[in-house]
């Protein structure tokens, strides 16, 4: 009973120490793009203000083949790193860095085409890519 | 309760000092690793009063520039000259091996007609949704 608890305690401590040698970092830019909100826009009728009410102000505006294009972006990136040298900090005065790490990032893009009279025409949403994952193995 | 070689031996047969040691190690680990909350802002917030002064059909290009300063970008699209003003806000929470950085952007787009009078105004405030978060997993 005693030895089990002690072993459990030691394992928990080691896990915490190992985990503190890890890094889980995430960067999120803006809000997720919701495709369903586009259903409220009517081609030829919805104005710039209607588009802004549903989607907010665009991140970019460009001249299109006819009219203009509003572009919206949402970014999500995840990075994980494990410093195997961290464990040596228990025994050594300095902890050497022995890092393995990997980062994945995705940008979701929505294009909204506006007609020359500044009414909504159509939209193109990039098929959602696989969301990024945490993983430290870089090979 | 009895004492063996200086350790307190409780009724369940476990060394309390082992648990105290583990707890001390964990607390020390937390203190050594620490936490942080960091905020970064680029650009001035858009005031409600300032936005109210821009009236389609009335406000001129010079008046907009007087109110908001020189635009970050001027876009020519579909016969419109468009002033683009941006603001960014970022909030990062970091605790031990977990961190999350949320970035939001506000955009003000002012459309001018050929006479240099405001035609339309699009403003989106996404920085109000930016929160301090530590947990990098999930949504």
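Chains as they are written, first to last, in my numbering: chain A, 1 to 139; chain B, 1001 to 1139.
A virtual CB, placed ideally from N, CA and C, is assigned to each residue, including glycine.
Taking 9 Å as the Cβ-Cβ cut-off, the region 28-48 of chain A approaches chain B at 28, 29, 30, 31, 32, 47 and 48, given in chain order.
Nearest CB-CB separation between residue 65(A) and chain B: not below the 8 Å threshold.
The C-beta of residue 1104(B) has 16 or more other C-beta atoms within 10 Å across all chains shown, which makes the residue buried.
Taking 8 Å as the cut-off, the beta carbon of residue 43(A) is found closer than this to the beta carbon of residue 122(A). Listed along chain B, no residue sits closer than 7 Å to residue 11(A) by beta-carbon distance, the nearest being about 10 Å off.
Contiguous alpha helix (DSSP H) elements confined to the region 1012-1093 of chain B occur at 1016-1033, 1048-1052 and 1061-1068, taking only those with 4 or more residues.
Between the alpha carbons of residue 1079(B) and residue 37(A) lies a gap of roughly 29 Å. In the structure shown, residue 9(A) adopts helical secondary structure according to DSSP, grouped into three states. Shown here, residue 51(A) sits in a helix according to DSSP, grouped into three states. Contact between the region 1121-1131 of chain B and the region 1074-1090 of chain B is present, with at least three C-beta pairs closer than 8 Å. Within chain A, not a single residue places a beta-carbon under 7 Å from that of residue 1067(B); the smallest gap is close to 17 Å. Judged by DSSP in its simplified three-state form, residue 1137(B) adopts coil rather than helix or strand. What residue 1124(B) touches in chain A, judged by beta-carbon distance under 7 Å, is 52, 56 and 57, going in chain order.
Just so you know, the alpha carbons of residue 82(A) and residue 1023(B) end up roughly 24 Å apart.
Identification of chain A residues near residue 1102(B) by a Cβ-Cβ cut-off of 7 Å yields 28, ordered along the chain. Interface criterion met: the Cβ of residue 1018(B) is under 8 Å from a Cβ in chain A.
Using a Cβ-Cβ cut-off of 7 Å, residue 116(A) is close to 1078 of chain B, given in chain order. Here DSSP, grouped into helix, strand and coil, assigns residue 1109(B) to strand.
For the pair of segments examined, the region 24-35 of chain A was found not to touch the region 89-102 of chain A: the number of CB pairs separated by less than 8 Å stays below three. For residue 1071(B), the CB contacts under 6 Å within the same chain, skipping 5 residues up- and downstream, are 1083, 1084 and 1085 in chain order. In the DSSP assignment, residue 99(A) falls within the beta strand (DSSP E) that extends over 99-114. Excluding sequence positions up to five before and after residue 1116(B), its CB lies within less than 7 Å of the CB of 1060 and 1061, all in the same chain and listed in chain order. In the DSSP assignment, residue 61(A) is bridged to 70(A).
Under DSSP, the beta-bridge partners assigned to residue 1100(B) are 26(A) and 1093(B).
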